[in-house]
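Read in order, the letters of the sequence shown are residues 534 to 1234 in this note's numbering. Ideal Cβ placement from N, Cα and C applies to all residues, glycine included. Shown next, in structure tokens, is the structure this report addresses.
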Amino acid sequence: MNNHLIEILKEKTNFSSKVILNIIKLLDEGCTIPFIARYRKDFTDGATDEQLRIFEEVYEYSKKLLARKEELIALLKEKNFLDEKVLKNLESATTLQACEDIYAPFKEKKSSRTTSAIENGLEPLANIIQSMRYSLEEINQKAKQFLNENVTNIDEALNGAKDIIAQRYADDFKSKEVLRNLIANWGTLEIKETKEFDKNGLYASFANTTEKIKYIKSHRVLAILRAVNEKQLSIKVEIDENHILENIKKYKIPTNAASSKELVFDAYKDGLKRLLLPSLKREAITNLKEKASSEAIELFGKNLKELLLTAPLVNQVILGMDPGYKTGCKLAVIDENGLYLDSAVIYPTKPKEDIVSSSKVVLDLIKKYKITSIAIGNGTASRETANFINELIKQNNLDVNYAIVSEIGASVYSASKIAIEEYPNLDVTIRGAISIASRLRDPMAALVKIDPKSLGIGQYQHDVNQKELALKLENITIDLVNKVGVDLNSASYKLLSFISGITEKLAKNIVEHRNKIKKFNTKNELLKVKGIGEKAYEQCIGFLRIKDGISILDNTAIHPEDYEVTAKLQKNYKVEEIKDFEKVSNEINTSLLKLKDIITELLKPGYDVRTQFNQVKFANDILDINDLKEGYVLSGIVRNITDFGAFVDIGLKNDALLHISQISEKRISHASDVLNINQNLENLKVISVDLEKQRVGLSLK
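Below you can see the structure in the form of structure tokens.
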């Protein structure tokens, strides 16, 4: 293992060398991050999956950095450019960008002016001028020695030499670094309208403004860049050039230099304006975009995490309703394990308003399947459908609750390959109603079947780095699914495919085997599934649960490799009475971390971590935007969090905006500091109602 790599990782991750070596060894052995986080705590000092993900990122980047350094050293050696100074600079570089900056002077020059000046033999003249030891007269005399068929007069010689000096200034990696920092800290972004600019369009508030690069918010950057793409706005980075030129005079021109310093200063000025600033300004815009993109991806990830952690509704038979006007309201019933039972279509809203038949269908389904909860999608005709159900419950004195569920992405799921595989004989609209019911029963199990980008969380998702976004969302889903655990007897192949060590193909094999044997009774039976070898079994088994299996251990996160220790523990101690963990861990020859995990699992078999998060809120009040007035107080559910605030479902077709300035009396830097997805909010005050645009503004102040 490269010692240099270990040093870099120590510095960037705060892990000890021993832990770093352990993690790398485990990753090389094919262990997944969830597995290492849960079952190899003794090797990692109890590092969490989040810390391990960061480690993995830094590790991959550091490997690229070292590989690039080696490549550049070899290239420079080959060209005879590698001296001690360059080698030292390369070795101490901590970013890929720094490596490229150090290598820049030795690259084949693209600037034809510099290249032709060198080809015309003007490099020695450039050295003489740059030494700043001669007067202008002396330089003019010396320039005569460099005249030839391509350089026919003194001016041409001096200009060619200045081109070489300008390029040297632009290639100096320390100057680059200073300027880069200046732009980052003091530069501004000037935003101007173009000829095609729409004064009443989306970007009206951005036109003809100036933003300080250091403070511009990521959502504004993404909006401005989108406007630039749509040719509505143009942008340009500005920096005080006079200040930079003063610094060049002060730090790069010695006070005792001869009068030829004027030529050097001119060359530096040209290098700055023609070569260095344009590329650094372009780079600043790229950096702004990358930073905004990663911040938006982080927020998207945080929102997805909260959405997937919404508590499930256990042991309930649920009726899912996908409301509609002309096409009717689609119904689907699922049992407590999420299995589809029945479906129907009713027409309780305009234009038909067939309340009698619709009531009969719903009441029959409730009676036949002992339905206890109803999930109503929050799209078109949602309010009227909720009204109908509200009345039905009251009139018939039913012991049934209903909740309004976000249906965003349900239509994406219902037409997807997964939905067709799961319900080949059902109409696409009924699959949508199943998805709505499933979201109430087990949000995570339902939502993993839908591309997270279709879930309406986050902001500017099409403007961010798509590859990074996909990886982030996949990793978050993987880590959460494994943290929660999956029921081996009811999980879809899609949910199983997120489990550590299980590929999509293996997941399908598990479901196929399960259909054959009807159900798994022990975790051990998994080894009979085609394709599951020892490694896959080791990686996945701890994250799978069997609710009513032969052994209680099958419904816990205790790994079979620890069953022997667990048996010893159960035989010799009353688990709930253990106080001295250290003593017990020594007596049964296991680590303290492992012992604590085993005890936690034995005390709460089948425990679902999601129960401590947002519980579903059943509805009780129906709203119409036309009835709303400023000053009304409502309750609602947070559906999306963005940089500028949160969108709250208050029972209308469109979610209402709770702007960041209206969230708290105290100043907060981000809505996610105090709010999370699916959080139930009380005492929301209506502060604006725009009937034309169907928009409502809220406040928690």
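- prompt: DSSP on Met665, reduced to helix/strand/coil?
  reply: coil
message: Mapping the DSSP letters down to three states, classify Val1246 as helix, strand or coil.
response: Since the first residue shown for the chain is 534 and the last is 1234, residue 1246 is missing from the structure and cannot be characterised.
message: Helix, strand or coil, according to DSSP, for His499 in the structure here?
response: Any answer about residue 499 is impossible in this case: the structure gives the chain only from 534 up to 1234.
- request: Report the residue from His1203, Thr1175, Arg1228 whose alpha carbon sits nearest the alpha carbon of Lys1162.
  value: Arg1228
- prompt: Do Leu605 and Leu585 have their C-beta atoms closer together than 8 Å?
  reply: no
- prompt: Which word fits Ile541, buried or exposed, when buried means at least 16 other C-beta atoms lie within 10 angstroms of its C-beta?
  reply: buried
- prompt: Thinking C-alpha only, which one of Glu656, Leu691, Gln678, Thr648 is nearest Leu669?
  reply: Leu691
Selection from Glu710, Phe576, Ile904 that minimises the alpha carbon distance to Gly853: Ile904
message: Would you call the region 810–823 in contact with the region 726–741, where contact means no fewer than 3 C-beta pairs closer than 8 Å?
response: no
message: Please classify Arg815 as buried or exposed, where buried requires at least 16 other C-beta atoms within 10 Å of its C-beta.
response: exposed
field: Residues sharing a beta bridge with Cys564, DSSP
entry: BP columns for Cys564 are empty, so no partner.
query: Skipping 5 residues on each side, what residues in its chain have a beta carbon closer than 6 Å to that of Asn1054?
result: Gly1082, Ile1083
field: Close beta carbons around Gly1034, own chain, < 8 Å, minus the five adjacent residues each side
entry: Thr565, Phe568, Lys1068, Ala1069, Tyr1070, Glu1071, Gln1072, Cys1073
query: How would you write the range of the alpha helix (DSSP H) that Lys597 sits in, first residue to last?
result: 582–611
- prompt: Ile1196 and Gly1178: beta carbons closer than 8 Å?
  reply: yes
message: Per the DSSP calculation, Met854 is bridged to which residue(s)?
response: Leu864, Ile909
message: I believe Gly1139 touches Ala1189 by the beta-carbon criterion, under 8 Å. Please report the beta-carbon distance rounded to the nearest angstrom.
response: In fact, because the Cβ distance is near 38 Å, the residues do not count as touching under 8 Å.
field: According to DSSP, residues forming a beta bridge with Ile1170
entry: Asp1182, Asn1213
- request: Determine the closest residue to Ala966 out of Tyr946, Lys950, Asn958, Pro985, with distance taken between C-alpha atoms.
  value: Tyr946
- prompt: Buried or exposed: His776, going by 16 or more other Cβ atoms within 10 Å of its Cβ?
  reply: exposed
task: State the Cα-Cα distance for the pair Ala740 and Lys725, rounded to the nearest angstrom.
output: 5 Å
task: Quick one: give me the first and last residue of the beta strand (DSSP E) that Lys725 is part of.
output: 721–726
task: Could I get the ranges of all uninterrupted alpha helix (DSSP H) runs contained in the region 745–791, with 4 residues as the minimum, in chain order?
output: 751–762, 774–785
query: Going by other Cβ atoms of all chains shown within 10 Å of its Cβ, with 16 needed for buried, is Arg1200 buried or exposed?
result: exposed
Extent of the continuous beta strand (DSSP E) run through Ile879: 873–879
message: Below 8 Å, how does it come out for the region 823–841 and the region 999–1019: are there three or more Cβ pairs, yes or no?
response: yes
- prompt: Anyone know if the C-beta pair for Ala919 and Ile909 falls short of 8 Å?
  reply: yes
task: Starting from Ala952, trace the alpha helix (DSSP H) both ways and give me its first and last residue.
output: 950–955
task: With a threshold of 16 other CB atoms inside 10 Å of the CB of Glu839, please say whether the residue is buried or exposed.
output: buried
message: At the level of alpha carbons, what is the spacing between Val754 and Lys900?
response: 55 Å
message: Closest to His1092 by C-alpha separation, out of Val552, Phe548, Val1142, Arg571, would be which residue?
response: Arg571
field: Neighbour-count burial assignment, Ile772, 16 or more Cβ in a 10 Å radius
entry: buried
field: Per DSSP, cross-strand counterpart(s) of Ile937
entry: Ile909
field: Bridge partners - Gly489, DSSP secondary structure assignment
entry: A query on residue 489 cannot be resolved here, the shown segment of the chain reaching from 534 to 1234 and no further.
task: State the start and end residues of the unbroken alpha helix (DSSP H) segment that holds Gly693.
output: 687–704
- prompt: Across which residues does DSSP place Leu1231 in a beta bridge pair?
  reply: Leu1191, Val1219
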